[in-house]
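K.L.:
Quick one: the structure is below, and I'll ask about it shortly.
Numbering (the working numbering), first residue to last: 156 to 606.
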């Protein structure tokens, strides 16, 4: 029996999680996935003690299951020639380098599609390839913060909680990468046309929050104005993140049930659940007007952060997997210094400074702020829809960007039974049969609220 993707060739130029995990899914479905790495190996090979794992790490062993490995130096012309020859036979190309890197390496869609115009090219970045955040570097924690996911959790100090045991924004993006590749393959079988597809960690984070990001204008306008005021004054009022989300929960309760006078039940602790990770460079910090996330995972990024903030850390140059107890416990002191300094300026001021220094960072968005986020709006991730009962409302749009078959905002969710008659008629049922089913309670027609 043939596999689902038998005969499909995938070229994978990826590192970390979102890219490699997508290739894993395609390999699991039977595609031949060739993992193409530079001479020094992909980044996931360095996420562990170098000597102990000897070129492999738990991360690389997990994420590259079912693949074939090819090590090529794309900085050389001969290396490029090899890749271009493979491209002639390829069906899918996966890449998740930082914006601009694929073009610099000569493996961007514009270059490869001239060799094979039928390829399906998945470009997976932190924030997408257009919009005000498009050039930002990012990891799972950055997307957790900026997309609004992080706003619902707290660590043991009462601050917004980053990803815990599972980097599910990365993993969710990988799933979308694989799904979009298969969808584009189907389109190609019908048309013979390949295309470029864009996904991002930011889009995925918002998509994961879809059910919690619904703003009904006529019901929520005053509530959201009050929430924004709480955020603006939180630091001045010495409010922890947990106190903010507890206040929001109470405000939502009062909005949904105006007659209610009961309090919300708050656990007798700051954390839900606890985050005991001690690493100053992959954390969330409070600024003068909010919170921001930092993900300085490479030595260069950590040294740049220390230089910008004027913080001394004698272990900043050490690879993450090569530390010891001394480097671990020293992080608390470094963390406190960074925390004090970041509290002196606003989030936007720090982002501007740190981006110039090449340090991945981003704001912590709350559900109430994501609707007006300039990048979310520019990326068409906030859709304005309408329901015949509830009226105008906003929600998260589709996170996958097909370049030749773009997904556009649809109509709002139907009211109960709104399209029952229309659908049944389209499938050939008579008015008499439909009316009989209504009487029997077999179907329901469009429900209208009583005035």
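Each residue gets a CB set at the ideal place from its N, CA and C atoms; glycine is no exception.
Let me know the secondary structure DSSP gives residue 172 once reduced to three states.
P.N.:
If DSSP states are grouped into helix, strand and coil, residue 172 belongs with coil.
K.L.:
How is the alpha helix (DSSP H) around residue 340 delimited, first residue to last?
P.N.:
From DSSP, the alpha helix (DSSP H) with residue 340 extends over 323-346.
K.L.:
Looking at residue 284 and residue 372, is the spacing between their C-beta atoms short of 8 angstroms?
P.N.:
Not closer than 8 angstroms, so no.
K.L.:
When you compare the CB positions of residue 275 and residue 340, do they come within less than 8 angstroms of one another, or not?
P.N.:
Yes, Cβ-Cβ distance for residue 275 and residue 340 is below 8 angstroms.
K.L.:
Report the three-state DSSP secondary structure of residue 473 (helix, strand or coil).
P.N.:
Note: residue 473 maps to coil in three-state DSSP.
K.L.:
By a C-beta neighbour count over all protein chains shown, 10 Å radius and 16 as the cutoff for buried, is residue 159 buried or exposed?
P.N.:
By the 10 Å Cβ count, residue 159 comes out exposed.
K.L.:
Keeping to the same chain, check which residues put their C-beta closer than 6 angstroms to that of residue 545; ignore five residues upstream and five downstream.
P.N.:
371.
K.L.:
Grouping DSSP H, G and I as helix and E and B as strand, with all else coil, what is residue 159?
P.N.:
Correct three-state label for residue 159: coil.
K.L.:
Measure the C-alpha to C-alpha separation of residue 567 and residue 469 and round it to an integer number of angstroms.
P.N.:
Computed Cα separation, rounded: 55 angstroms.
K.L.:
Should residue 300 and residue 518 be called a contact, given that it needs their Cβ atoms to be closer than 8 angstroms?
P.N.:
In contact: residue 300 and residue 518 (Cβ atoms closer than 8 angstroms).
K.L.:
Measure the C-alpha to C-alpha separation of residue 520 and residue 298 and round it to an integer number of angstroms.
P.N.:
So the alpha carbons of these two residues sit roughly 10 angstroms apart.
K.L.:
Which residue from 191, 367, 382, 397 puts its Cα closest to that of residue 420?
P.N.:
That would be 397, whose Cα lies nearest to the Cα of residue 420.
K.L.:
Measuring CA to CA, which of 249, 263, 248 is closest to residue 255?
P.N.:
Nearest C-alpha to residue 255: 263.
K.L.:
For residue 343, tell me which candidate among 408, 247, 412, 435 has the shortest Cα-Cα distance.
P.N.:
It is 247.
K.L.:
Please confirm if the stretch 318-327 is in contact with the stretch 373-384, defined as three or more CB-CB distances below 8 angstroms between the two stretches.
P.N.:
No, the stretch 318-327 is not in contact with the stretch 373-384.
K.L.:
Can you give me the C-alpha to C-alpha distance between residue 303 and residue 573, rounded to a whole angstrom?
P.N.:
About 32 angstroms.
K.L.:
Note down, one range per segment and in chain order, each alpha helix (DSSP H) of at least 4 residues found wholly within the stretch 352-432.
P.N.:
Runs found: 356-363, 372-387, 396-411.
K.L.:
So, at 8 angstroms on beta carbons, what are the nonlocal neighbours of residue 464 in its own chain, with the 5 sequence-adjacent residues on each side left out?
P.N.:
Correct list, in chain order: 492, 493, 496, 497.
K.L.:
Only counting the same chain, and skipping five residues up and downstream in sequence, which positions put a Cβ closer than 6 angstroms to that of residue 172?
P.N.:
Hits under 6 angstroms: 322, 325.
K.L.:
With residue 281 and residue 357 assumed to form a contact (beta carbons below 8 angstroms), what rounded beta-carbon distance in angstroms separates them?
P.N.:
Contact flag correct, Cβ pair sits at about 7 angstroms.
K.L.:
Give me whichever residues DSSP pairs with residue 277 in a beta bridge.
P.N.:
BP columns for residue 277 point to 249, 352.
K.L.:
Taking the straight line between their C-alpha atoms, what separation do you get for residue 289 and residue 328?
P.N.:
C-alpha separation (whole angstroms): 16 angstroms.
K.L.:
Which of the three DSSP states is assigned to residue 551 in this structure?
P.N.:
Residue 551: strand per DSSP, three-state reduction.
K.L.:
Taking the beta strand (DSSP E) that residue 438 falls in, what are its first and last residues?
P.N.:
Per DSSP, residue 438 belongs to the beta strand (DSSP E) from 437-441.
K.L.:
Determine the contact status of residue 335 and residue 277, defining contact as a CB-CB distance below 8 angstroms.
P.N.:
Closer than 8 angstroms, so yes.
K.L.:
Do residue 293 and residue 515 have their beta-carbon atoms positioned less than 8 angstroms apart in this structure?
P.N.:
Result yes, Cβ atoms of residue 515 and residue 293 sit closer than 8 angstroms.
K.L.:
Residue 489 to residue 237, Cα distance in whole Å?
P.N.:
Taking the straight line joining both Cα atoms gives about 46 angstroms.
K.L.:
So the candidates are 538, 553, 554; which of them puts its Cα closest to the Cα of residue 547?
P.N.:
Comparing Cα positions, the closest option is 538.
K.L.:
Whole angstroms is fine: what's the gap from residue 166's alpha carbon to residue 180's?
P.N.:
Distance between the alpha carbons of residue 166 and residue 180 is about 13 angstroms.
K.L.:
Could you pull the start and end residues of the beta strand (DSSP E) that residue 223 belongs to?
P.N.:
First-last of the beta strand (DSSP E) with residue 223: 223-226.
K.L.:
Alpha carbon to alpha carbon, what distance is there between residue 592 and residue 355?
P.N.:
Roughly 46 angstroms between the two C-alpha positions.
K.L.:
What are the uninterrupted segments assigned as beta strand (DSSP E) that are 3 or more residues long and contained completely in the stretch 475-532, given in chain order?
P.N.:
Runs found: 516-518.
K.L.:
Out of curiosity, what's the CA-to-CA distance linking residue 332 and residue 557?
P.N.:
About 11 angstroms.
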